[in-house]
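Visitor:
Numbering (the numbering used here), first residue to last: 3 to 393.
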């Protein structure tokens, strides 16, 4: 058994032939670049890439396998250069007749053959199999059953965000309106919520919570992640950790303080001013984006007493959110300490002070303990970290 860091929600921007996959993602976000970045500078052990259904991504996987850079493991998953585990998956946008709006769902597979089989199955149900997060007009439970038939994992994505999520758009009150609760392996919290917020909803007490980056660029990888205690960095151990089986489990979730998320509070959809009336006091707009905190308040169960025992949720601020920590300073830190995981988890404050300005060293220390002061975000605009003036 050992500790492993895992981010399970990273998009692919382009194929190795430079064709688009996730339209809104960076061009250099290819499968190979993701795997290399996960190794260095991020320092992750497990990376979930959720656009592996795309035929040209499958081709790239096959090429890496033929060259021996990617090795399929007996216990599921793939080792890249014997240092990072790839868990291949897909994000699907589902709209069935019971949905109040489209929802995003994450699925993961243990082997190359199951990835290819799922891609073929999905290609008959979406408009363009090449692209990311294609909408599927079909019963969401049919998707769940297909994933389970292939031995995969099923996880609703960023479940509270106002757009295209289970509680934000899909259902009025309960996930059972759309999904088979027995076929859910975990739920993804998203950037604007945390464990304490999500556990206000009783029906979620049955599920493991995961915190992932939903990265659309290489620097955003591991802005949220989890520390896992696993027998090995494999698909099977990951699946066991979702159910706390065979000694495998999640030790801690590391995520943004929800205030930093784009949708924490209800805000004007036009100018992002927090909502205090029916009309925006700043621009006069009547259009508002409901915040995750308000939506959870609507769904909260009265008299929640028996809360499940959860891993710690640590409000860690990503390094690129810290004021004054630009690319040159980050490169300097990486030259000294190797990876971002080392900087965030292992390097002493004294070592940081010896490397960068004391004020910045203090901010990094506070960032990893979640004690920085933050102005809340909302309406589609991230929150902001307030600068520490002195040490």
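Every residue, glycine too, gets a C-beta built ideally from N, C-alpha and C. If you're wondering where the values come from, they're calculated on a predicted model, not measured in any experiment.
1) Could you pull the start and end residues of the alpha helix (DSSP H) that residue 314 belongs to?
2) If we define contact as Cβ-Cβ less than 8 Å, is residue 372 a contact residue for chain C?
3) May I have a chain-ordered list of the alpha helix (DSSP H) segments no shorter than 4 residues that lie completely inside the segment 355-380?
4) Quick test of your reading: residue 33 and residue 14, contact by CB under 8 Å. State the CB separation rounded to the nearest angstrom.
5) Could you tell me which uninterrupted alpha helix (DSSP H) segments, each at least 4 residues in length, are contained entirely in the segment 90-145, listed from first to last along the chain?
6) Are three or more beta carbon pairs between the segment 309-327 and the segment 207-225 nearer than 8 Å?
7) By how many angstroms is the C-alpha of residue 62 removed from the C-alpha of residue 21?
8) Could you check how far apart the C-beta atoms of residue 57 and residue 136 are, in whole angstroms? I think they sit under 8 Å.
9) Taking DSSP as the reference, what is the three-state secondary structure of residue 309?
10) Can you list, in chain order, the residues of its chain whose CB lies under 6 Å from that of residue 317, leaving out five sequence neighbours each side?
11) For residue 229 and residue 193, I'd like the C-alpha separation in whole angstroms.
12) Pick out whichever of 226, 243, 227 has its Cα sitting closest to the Cα of residue 234.
13) Pick out whichever of 12, 176, 47, 111 has its Cα sitting closest to the Cα of residue 300.
14) Can you tell me whether residue 146 is buried or exposed, with buried defined as 16 or more other CB within 10 angstroms of its CB?
15) To which residues does DSSP link residue 196 through a beta bridge?
16) Within 10 Å of its beta-carbon, does residue 94 have 16 or more other beta-carbons around it, so buried, or fewer, so exposed?
17) Taking its Cβ as the centre, do 16 or more other Cβ atoms sit within 10 Å of residue 183, making it buried, or is it exposed?
18) Considering only DSSP beta bridges, list what residue 7 is partnered with.
19) Could you tell me whether the Cβ atoms of residue 75 and residue 249 are closer together than 8 Å?
20) With DSSP collapsed to three states, give me the class of residue 70.
21) Out of 142, 81, 345, which one is the CA nearest neighbour of residue 107?
22) Nearest-angstrom Cα distance between residue 238 and residue 117?
23) Evaluate the contact criterion for the segment 157-168 versus the segment 289-297: three or more CB pairs, one atom per stretch, below 8 Å.
24) Excluding the 5 residues flanking residue 370 on each side, which residues of the same chain have their C-beta closer than 6 Å to its C-beta?
25) Could you check the C-alpha separation between residue 393 and residue 351 for me, to the nearest Å?
26) Determine which residues share a DSSP beta bridge with residue 383 and list them.
27) Can you give the Cα-Cα distance for residue 344 and residue 367, rounded to whole angstroms?
28) Between which two residues does the beta strand (DSSP E) carrying residue 81 extend?
29) Using 7 Å as the cut-off, classify the Cβ of residue 73 as near or not near the heavy atoms of the ligand GDP, replying yes or no.
30) What does the Cβ neighbour count give for residue 264, buried or exposed, with the cut at 16 atoms within 10 Å?
31) Here's the rule I'm using: 16 or more other beta-carbon atoms within 10 Å means buried, otherwise exposed. How should residue 297 be labelled?
32) CA-CA distance, residue 96 and residue 180?
33) Figure out for me which residue from 105, 27, 30 has the closest Cα to the Cα of residue 158.
34) Between the Cα of residue 200 and those of 39, 279, 303, 53, spot the shortest distance and give me the residue it belongs to.
35) What are the residues that DSSP puts in a beta bridge with residue 53?
36) Note down, in chain order, each residue of its chain lying with its Cβ closer than 7 Å to the Cβ of residue 357, except the 5 sequence neighbours on either side.
Guide: In short, the structure shows the following:
1) Note, residue 314: premise wrong, no alpha helix (DSSP H); beta strand (DSSP E) at 314-317.
2) The displayed structure is made up of one protein chain only, and chain C is not part of it.
3) 360-371
4) 6 Å
5) 114-125
6) Judged by pairs of C-beta atoms under 8 Å, the segment 309-327 touches the segment 207-225, as three or more such pairs exist.
7) 12 Å
8) Their Cβ separation, rounded to whole angstroms, is 13 Å, which puts residue 57 and residue 136 out of contact at 8 Å.
9) coil
10) 259, 372
11) 17 Å
12) 243
13) 176
14) Here residue 146 is buried: its Cβ has 16 or more other Cβ atoms, across all protein chains shown, within 10 Å.
15) Answer by DSSP bridge pairing: none, since residue 196 is not bridged.
16) buried
17) exposed
18) Residue 7 is bridged to 229.
19) At the C-beta level, residue 75 and residue 249 stay beyond 8 Å of one another.
20) Of the three classes helix, strand and coil, the one that applies to residue 70 here is coil, per DSSP.
21) 142
22) 15 Å
23) yes
24) 318, 346
25) Note that residue 393 scores 47 on pLDDT, short of 50, meaning its location in the model is unreliable; the coordinates nonetheless yield the value given after this. Spanning the two alpha carbons is a distance of roughly 12 Å.
26) According to DSSP, which records beta bridges pairwise, residue 383 is partnered with 380.
27) 12 Å
28) 80-82
29) The model on display carries no ligand, and the ligand GDP is accordingly not part of it.
30) buried
31) buried
32) 10 Å
33) 105
34) 303
35) Its beta-bridge partners are 92.
36) 334, 335, 338
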